[in-house]
Amino acid sequence: MAGTPRSPSPEDLRDCLDETPRTVSTAFGPVEYAERGDGDPVLAVHGTLGGWDQGLVGAEFLRVNGFRIIAPSRPGYLGTPLATGRTFAQQGDALAALLDVLGIDRIPVFAASGGGPAGYELAARHPDRVSKLVQVDGVCIPGPIPRVSTSIAARDSLARAQLWLLRHATRPTLTALFRALGSDSRAVASDRATKLAAIPGRTSTLEATLRAVLGAARRRAGVKNDFTVFTPAPLERITCQTLIVHARSDKAVPPASAEYAHAHIAGSELYWMDGSHVAFVLEAADTAPAYVVNWLREAG
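Per my numbering, the sequence shown starts with residue 330, numbered consecutively.
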């Protein structure tokens with residue numbers, strides 16, 4: 330694909346966390362969201378441990394390339410009560426209801442990790458509302474709960490400790506993260522961490538994501554709800570162009586989710602990244618986000 334998209338700077342990512350969200354009433358209950366940027370809108374559906382802030386950080390690479398990001402907090406996170414959508418099907422309906430309030434007929438959807446089920450449900454239940462769907466390491470079928478996720482969710486102090494370690498002991502921290510979220514041996518994980526630690530600014534998105542985890546008490550209901558067993562969305566109903574981006578060695582969201590989605594969504598494209606669950610923002614940061622930007626820019 331042509332073009333060399335921009336990457337967000339550390340300042341861009343910090344600015345995401347300074348945005349002010351608002352809450353609107355929808356047909357399915359209150360939904361909190363934040364907006365950032367100009368241009369064509371993209372709906373960013375955050376993962377587990379998230380909220381509007383994680384949504385903005387995760388989609389900032391799109392904002393710096395000319396898109397307007399609309400990032401809601403899923404039910405149980407921050408200002409959106411769990412009652413707005415306990416099931417992922419209900420979350421898909423709530424996202425469609427948010428689009429109603431915002432006066433948006435159709436929109437590309439960018440969903441990540443634990444936001445995968447809600448993104449798939451929105452596209453399956455409301456196919457006329459989603460023009461394109463991008464899933465990055467998206468959950469599609471129930472799977473194991475990664476220990477690193479549950480530990481970070483437990484207390485803010487652990488997120489702050491991880492932030493400190495990421496800044497002051499980058500290589501060993503990345504090694505531990507790769508081991509927790511991927512399937513590599515310690516030696517391979519250490520080698521990958523050494524190479525990445527030597528690249529200035531490479532951990533900025535991960536640092537901003539960890540900062541967005543702070544305020545765990547206001548996210549805990551959503552985290553717990555994300556880990557309930559669910560029935561996969563009726564993927565055969567998805568008619569929009571779909572790009573599935575997934576890490577080959579992902580242990581947090583195993584590749585089986587990507588393979589299942591690719592097999593059930595007609596005409597979908599599967600883009601594999603080398604590495605673990607954080608490959609999109611670390612190891613594939615120069616390639617996978619650029620691929621997504623250009624893919625979204627292509628005429629449907």
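For each residue, glycine too, the CB sits at the ideal point set by N, CA and C. In this text, all values refer to a predicted model and were calculated from it rather than measured experimentally.
Based on DSSP bridge pairs, tell me the residues matched to residue i.
| i | result |
| --- | --- |
| residue 600 | 574 |
| residue 359 | 354 |
| residue 563 | DSSP output for residue 563 lists no bridge partner at all. |
| residue 371 | 398 |
| residue 365 | 398 |
Determine the closest residue to residue i out of the options, with distance taken between C-alpha atoms.
| i | options | result |
| --- | --- | --- |
| residue 393 | 447, 442, 360, 369 | 369 |
| residue 508 | 522, 495, 498 | 522 |
| residue 582 | 594, 556, 450 | 556 |
| residue 512 | 461, 584, 414, 367 | 584 |
| residue 390 | 378, 365, 379 | 365 |
| residue 453 | 620, 628, 568 | 568 |
| residue 432 | 501, 458, 361 | 458 |
| residue 630 | 620, 429, 409 | The structure shown does not extend to residue 630, since the chain is modelled only from 330 to 629, so the question has no answer here. |
| residue 346 | 371, 413, 388 | 388 |
Along the chain, where does the alpha helix (DSSP H) that runs through residue i open and close?
| i | result |
| --- | --- |
| residue 556 | Neither: residue 556 is in no alpha helix (DSSP H) and is coded neither H nor E. |
| residue 582 | Element bounds for residue 582: n/a, residue is neither H nor E. |
| residue 345 | 339-345 |
| residue 609 | Here residue 609 belongs to no alpha helix (DSSP H), and DSSP marks it neither H nor E. |
| residue 384 | 381-387 |
| residue 545 | Here residue 545 belongs to no alpha helix (DSSP H), and DSSP marks it neither H nor E. |
| residue 618 | 617-626 |
| residue 486 | 485-497 |
| residue 513 | Note, residue 513: premise wrong, no alpha helix (DSSP H); not H, not E. |
| residue 430 | 417-431 |
If we ignore side chains and look at the alpha-carbon of each, how far apart do residue i and residue j end up?
| i | j | result |
| --- | --- | --- |
| residue 442 | residue 587 | 11 Å |
| residue 528 | residue 612 | 10 Å |
| residue 357 | residue 422 | 7 Å |
| residue 503 | residue 579 | 15 Å |
| residue 435 | residue 398 | 14 Å |
| residue 596 | residue 571 | 8 Å |
| residue 417 | residue 411 | 11 Å |
| residue 337 | residue 344 | 11 Å |
| residue 601 | residue 573 | 8 Å |
| residue 342 | residue 537 | 6 Å |
| residue 564 | residue 446 | 10 Å |
| residue 592 | residue 617 | 21 Å |
| residue 598 | residue 451 | 18 Å |
| residue 467 | residue 497 | 30 Å |
| residue 395 | residue 534 | 18 Å |
| residue 639 | residue 524 | Given a span of 330 to 629 for the chain in the structure shown, any question on residue 639 remains unanswerable. |
| residue 427 | residue 373 | 12 Å |
| residue 462 | residue 407 | 25 Å |
| residue 330 | residue 531 | Caution applies to residue 330, whose pLDDT of 44 falls short of 50 and renders its modelled position unreliable; the value that the coordinates give is listed next. C-alpha separation (whole angstroms): 23 Å. |
| residue 449 | residue 460 | 13 Å |
| residue 515 | residue 362 | 40 Å |
| residue 310 | residue 400 | Since the first residue shown for the chain is 330 and the last is 629, residue 310 is missing from the structure and cannot be characterised. |
| residue 402 | residue 430 | 15 Å |
| residue 551 | residue 360 | 13 Å |
| residue 376 | residue 493 | 22 Å |
| residue 456 | residue 566 | 7 Å |
| residue 589 | residue 367 | 35 Å |
| residue 352 | residue 620 | 33 Å |
Using 8 Å as the limit for Cβ to Cβ distance, is residue i near chain C?
| i | result |
| --- | --- |
| residue 522 | Absent from the structure: chain C. Only one protein chain is present. |
What residue range does the beta strand (DSSP E) around residue i cover?
| i | result |
| --- | --- |
| residue 446 | From DSSP, residue 446 is part of no beta strand (DSSP E) but of the alpha helix (DSSP H) over 445-454. |
| residue 439 | 436-441 |
| residue 461 | 459-465 |
Margin query: Taking 8 Å as the cut-off, does the region 502-520 touch the region 605-619 (at least 3 CB pairs, one atom from each stretch)?
Written below: yes
Margin query: Measuring CB atoms only, is the region 533-547 touching the region 488-506, in the sense that at least three cross pairs come out at less than 8 Å?
Written below: Touching, yes.
Checklist line | Inter-stretch contact at 8 Å, needing at least 3 Cβ pairs: the region 559-568 / the region 454-473 | finding: yes
Next item on the list: Inspect the CB distances between the region 432-441 and the region 373-390 and report whether three or more fall short of 8 Å.
Entry: The region 432-441 is in contact with the region 373-390.
Checklist line | Three CB pairs or more closer than 8 Å across the region 343-358 and the region 416-433 | finding: yes
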